[in-house]
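**Q**
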Amino acid sequence: MATLPGKYAPPKGELLIAYYEGEAVGCIALRPFENDTCEIKRLYVRPTTRGLKLGQTLAAAVLERARLIGYGRAVLDTGGFMHSAQRIYETAGFRDIPPYYHNPIPGCRFLGADL
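Position 63 (the sequence shown) corresponds to 276 in our numbering; numbering is contiguous.
(1) Within 10 Å of its beta-carbon, does Ala231 have 16 or more other beta-carbons around it, so buried, or fewer, so exposed?
(2) State the DSSP-derived secondary structure class of Lys254, mapped to helix, strand or coil.
(3) Within 10 angstroms of the Cβ of Gly219, are there 16 or more other Cβ atoms? Answer buried if so, exposed if not.
(4) Going by the beta-carbon positions, is the gap between Leu324 and Leu289 smaller than 8 Å?
(5) Can you tell me which of the three DSSP states Pro312 falls into?
(6) Identify the continuous beta strand (DSSP E) that holds Arg286 and give its terminal residues.
(7) Given a threshold of 16 other Cβ atoms within 10 Å of its Cβ, counted over all protein chains shown, does Ile237 qualify as buried or as exposed?
(8) Compare the Cα-Cα distances from His296 to each of Tyr313, Asn248, Gly320 and Pro223 and report the closest residue.
(9) Please name the residue, chosen from Asn248, Tyr233, Pro311 and Gly268, that lies closest to Ile282 on a Cα-to-Cα basis.
(10) Span of the alpha helix (DSSP H) holding Tyr302?
The following block contains the structure:
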């Protein structure tokens, strides 16, 4: 936490925090990747608040911020075991893309979306 927002800092990055009943319970971030593309990172929602659609809300909010910043595309990677996150991203319009870096985690999926 001490290094945040770091590479997620404005004007080209963003770190969003979700609050529920006055407590920080989730986050998502974006950072510059290349040209007009950003990378989405760090989607997390505390287990006690999962099921409240906070992941979908965070994903929609970070994509809106990316559009406002001026990005035309977003990319991300997610673990193959992270089925809930994959559904959130697919619902937000992400589709499978070729890997854009070497990720040693077996089953990792690379996703992209036009904004």
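Just so you know, even glycine gets a beta-carbon here, dropped at the ideal spot from N, CA and C.
Since the structure is predicted, the reported quantities are computational estimates derived from the model, not experimental observations.
**A** In terms of the structure at hand:
(1) It counts as buried.
(2) Looking at Lys254 - three-state DSSP - the assignment turns out to be strand.
(3) Gly219 should be labelled exposed.
(4) Contact flag set, yes.
(5) Pro312: coil per DSSP, three-state reduction.
(6) Start and end: Arg286 to Thr291.
(7) Just to set this straight, residue 237 is Ala in the shown sequence, not Ile. When all chains shown are included, Ala237 counts as exposed.
(8) If we check each option's Cα against that of His296, Gly320 comes out closest.
(9) Minimum Cα distance to Ile282 is reached at Asn248.
(10) Judged by DSSP secondary structure, Tyr302 falls within the alpha helix (DSSP H) whose first and last residues are His296 to Thr304.
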